[in-house]
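Report on the structure given below.
Protein chains: 2
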Amino acid sequence: MAERESDRSVSQTVRAQLSLRDLILSGDLRPGERISELQAVETTGASRTPVRMALVRLEEEGLLEAIPSGGFMVKTFSERDVMDSIELRGTLEGLAARFAAERGASSRDLEPLKRCLDEIDGVVRQDPISVDAFSSYVALNARLHAMLTELSRSPPLIRQVDRASALPFASPSGFVMTQSTLPDARDTLMIAQDQHRVVIDAIENREGARAEAIMREHARVAARNLRLVLQNKTHFDLLPGLALIRMAGE
Amino acid sequence: MAERESDRSVSQTVRAQLSLRDLILSGDLRPGERISELQAVETTGASRTPVRMALVRLEEEGLLEAIPSGGFMVKTFSERDVMDSIELRGTLEGLAARFAAERGASSRDLEPLKRCLDEIDGVVRQDPISVDAFSSYVALNARLHAMLTELSRSPPLIRQVDRASALPFASPSGFVMTQSTLPDARDTLMIAQDQHRVVIDAIENREGARAEAIMREHARVAARNLRLVLQNKTHFDLLPGLALIRMAGE
DNA sequence: TTACCGGATATTGTATACATGTAGTGTCCA
DNA sequence: TGGACACTACATGTATACAATATCCGGTAA
């Protein structure tokens with residue numbers, strides 16, 4: 533899962549960060565547990581200095597929590613924390629869509645978005661949708677959301693959206709895979725894709741409020757999927773990071 | 533300005549962070565300039581390890597930018613970056629207010645907010661307002677905004693609001709001092725205070741949309757003040773961090 | 001005169017040794 | 001038997017030494 537010796541080009545810090553993130557999201561490092569630096573050194577192969585840097589970055593990323601007496605522990609999230617993180621991401625993406633609409637997007641700007649839209653159409657058109665197609669959807673969806681955010685042309689906002697999407701269960705593509713086995717999976721994807729189309733239309737027509745409202749609602753599709761996953765308590769393996777959610781009974 | 537030998541209790545990392553932040557915001561480290569670690573070591577008195585930690589944290593805070601080839605430089609902000617950061621903060625505070633309204637706040641929850649409101653009334657009532665009173669307003673205003681955000685009872689959101697308010701020119705109290713010498717300073721404070729009162733009223737009555745809209749508009753008072761400051765090109769010394777804004781000509 | 005190449009210098013990335021503070025455990029006393 | 005204190009062990013915070021790499025300057029050739 534973690535590339536050990538490979539990628540000699542990237543720094544030890546980045547390697548340690550990736551490696552530790554995998555360990556956290558997979559649940560190998562259990563929530564609430566203190567992360568031992570020495571243990572992390574053994575696991576990642578890097579020395580203490582880059583490991584410490586990685587830990588600081590993962591704290592800022594929201595995956596770790598600083599312990600007052602020193603060191604870090606794996607953060608835990610309540611179900612509402614996750615819902616709020618999704619709503620937060622939707623609000624920020626909504627602001628980005630409004631900025632894009634108000635500031636105007638040329639057809640040249642919108643062209644790559646529309647191409648992406650068409651590609652997603654091609655994926656959603658199949659019935660039933662294969663697992664591979666779901667993977668394609670995830671990639672295309674992530675690209676579309678990234679381009680929509682970029683359209684705001686606001687570096688501070690793009691930065692914050694990225695931060696809000698860093699948590700895997702808050703990311704735009706987080707819950708796509710979890711619903712891949714559900715019977716009405718295709719319907720959900722179609723609805724989401726329709727929202728994609730509408731928001732781009734709104735931006736094109738400079739309808740800021742409409743663009744904002746749609747993006748907010750669009751995020752709530754993920755919220756619905758979260759509820760489904762938590763109710764069925766299934767497909768936990770399809771979203772790394774779901775292990776960080778502490779259930780109702782503590 | 534920076535406490536050198538004092539506060540032996542706090543870690544070197546925190547001391548270096550505070551010290552470097554002061555240096556950045558005061559403009560002693562010029563925007564766009566690479567920050568030399570060795571120079572930082574000399575300035576702060578800490579060794580390289582805590583200095584590096586501090587640099588990483590300041591990057592996450594948004595004050596520094598990583599240089600691809602290594603190291604960090606002081607970030608620069610366009611006027612629109614600053615405007616967007618204010619709008620962003622307003623949007624997040626708006627979401628917090630909506631959460632507070634929708635989830636309900638008991639009179640017990642609201643009591644400290646109303647006390648703070650009364651205290652601000654006491655400050656704003658004087659005419660003309662002394663410079664000391666302005667300082668009091670800044671402190672009370674910061675407390676009120678913090679309590680309003682807390683009312684959302686959403687740790688992820690509180691975290692993001694704090695991050696968005698970390699940039700001094702995006703903070704709720706950022707531009708209060710800059711307007712202290714303006715003729716209609718008292719009027720602006722009165723208007724802002726009225727918005728405080730209205731948002732608390734909206735939360736009390738569970739009017740989510742109203743609470744959200746008011747908080748967004750409330751942030752735009754800061755945006756107006758920014759325009760005034762940039763037009764008059766005066767009182768730059770009253771907001772540390774204004775030195776980071778690059779003007780229209782380059 | 002300008003562009004490119006090579007070396008010297010300085011700066012960052014990494015590893016490790018040392019110091020300090022915390023947590024855990026065991027024993028002793030009430 | 002329970003609690004408190006002291007001691008030990010370990011984990012983190014800090015400092016520094018070393019290695020690799022980027023930058024800058026000077027020289028040479030086109």
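So the protein lines, in turn, are chains A and B.
First residue of the first sequence? That's 533 in my numbering, and the numbers climb one at a time after it.
First residue of the second sequence? That's 533 in my numbering, and the numbers climb one at a time after it.
Built from N, CA and C at the ideal position, the CB exists for glycine as well.
In this text the structure is predicted, and so the values were computed from the model without any measurement.
Cβ neighbour criterion (16 or more within 10 Å) applied to residue i
{"i": "V785 of chain A", "result": "Look at the range of chain A in this structure, 533 to 782, and you will see that residue 785 of chain A is not part of it."}
{"i": "L570 of chain A", "result": "exposed"}
{"i": "R589 of chain B", "result": "buried"}
{"i": "S712 of chain B", "result": "buried"}
{"i": "S686 of chain A", "result": "buried"}
{"i": "I746 of chain A", "result": "buried"}
{"i": "R562 of chain B", "result": "exposed"}
{"i": "V663 of chain B", "result": "exposed"}
{"i": "A741 of chain A", "result": "exposed"}
{"i": "V708 of chain B", "result": "buried"}
{"i": "N764 of chain A", "result": "exposed"}
{"i": "E619 of chain A", "result": "buried"}
{"i": "I777 of chain A", "result": "buried"}
{"i": "M779 of chain A", "result": "exposed"}
{"i": "G564 of chain B", "result": "exposed"}
{"i": "Q658 of chain B", "result": "exposed"}
{"i": "G622 of chain B", "result": "buried"}
{"i": "V731 of chain A", "result": "buried"}
{"i": "D613 of chain A", "result": "buried"}
{"i": "P644 of chain B", "result": "exposed"}
{"i": "S639 of chain A", "result": "exposed"}
{"i": "A703 of chain B", "result": "Sequence inspection shows Ser at residue 703 of chain B; the Ala mentioned does not correspond to that position. Label assigned to S703 of chain B: buried."}
{"i": "S568 of chain B", "result": "exposed"}
{"i": "S715 of chain B", "result": "Note that residue 715 of chain B corresponds to Pro in the displayed sequence, not to Ser. With fewer than 16 Cβ atoms within 10 Å of its Cβ, P715 of chain B is classed as exposed."}
{"i": "P600 of chain A", "result": "exposed"}
{"i": "D616 of chain B", "result": "buried"}
Within chain B, the residues that residue i reaches when beta carbons sit closer than 8 angstroms
{"i": "T576 of chain A", "result": "By Cβ distance, chain B contributes nothing, its closest Cβ being about 17 angstroms from T576 of chain A, past 8 angstroms."}
Contact set between residue i and chain A, taken where Cβ atoms lie within less than 9 angstroms
{"i": "A696 of chain B", "result": "P688 and Q692"}
{"i": "L528 of chain B", "result": "This structure gives no information on residue 528 of chain B, because the portion of chain B shown stretches from 533 to 782."}
Extent of the continuous beta strand (DSSP E) to which residue i belongs
{"i": "M605 of chain B", "result": "F604 to V606"}
{"i": "L596 of chain A", "result": "L596 to A598"}
Range covered by the alpha helix (DSSP H) that runs through residue i
{"i": "V655 of chain A", "result": "S639 to R657"}
{"i": "A578 of chain A", "result": "No alpha helix (DSSP H) contains A578 of chain A, which DSSP labels as neither H nor E."}
{"i": "Q763 of chain A", "result": "G740 to N764"}
{"i": "L774 of chain B", "result": "No alpha helix (DSSP H) holds L774 of chain B; DSSP gives it neither H nor E."}
{"i": "L627 of chain B", "result": "E611 to R635"}
{"i": "V730 of chain B", "result": "A717 to E736"}
6 angstroms Cβ shell around residue i - same chain, five flanking residues per side excluded
{"i": "A632 of chain A", "result": "L683, S684 and I735"}
{"i": "S668 of chain B", "result": "V655"}
{"i": "V753 of chain B", "result": "A724"}
{"i": "R540 of chain B", "result": "Low confidence applies to R540 of chain B: its pLDDT is 48, below 50, so where it sits in the model is not reliable, and the reading given next is rough at best. Answer for R540 of chain B: no residue qualifies."}
{"i": "I556 of chain B", "result": "L595 and V606"}
{"i": "L770 of chain A", "result": "M709 and T710"}
Under 8 angstroms from the C-beta of residue i: neighbouring residues of chain A
{"i": "R589 of chain B", "result": "V588 and E592"}
Contacts that residue i makes with chain A (C-beta to C-beta distance below 7 angstroms)
{"i": "D616 of chain B", "result": "S686, P688 and L689"}
{"i": "M585 of chain B", "result": "V588"}
Contact list for residue i against chain B, beta-carbon separation under 9 angstroms
{"i": "D613 of chain A", "result": "S686, P687 and P688"}
Own chain partners of residue i with C-beta closer than 7 angstroms, once the 5 adjacent residues on each side are dropped
{"i": "T545 of chain A", "result": "P582, M585 and A586"}
{"i": "E593 of chain B", "result": "A698"}
{"i": "E744 of chain B", "result": "G626, L627, A629 and R630"}
{"i": "P700 of chain B", "result": "L557, G706, L771, P772 and G773"}
Neighbourhood of residue i by C-beta, 8 angstroms cutoff - its chain only, sequence neighbours within 5 removed
{"i": "R738 of chain B", "result": "A633, E634 and G636"}
{"i": "E591 of chain A", "result": "E597, A598 and F604"}
{"i": "C648 of chain A", "result": "L672, R675, L676 and M679"}
TODO: List in chain order: all unbroken alpha helix (DSSP H) runs of 4+ residues lying wholly within the region 657 to 702 of chain A.
DONE: Secondary structure within the region 657 to 702 of chain A: the alpha helix (DSSP H) runs of 4 or more consecutive residues, fully enclosed, are 663 to 682 and 687 to 697 (chain order).
Task: Uninterrupted alpha helix (DSSP H) stretches inside the region 543 to 568 of chain A (no shorter than 4 residues) - done: For the region 543 to 568 of chain A, the full-length alpha helix (DSSP H) segments reaching 4 residues or more read 544 to 558 along the chain.
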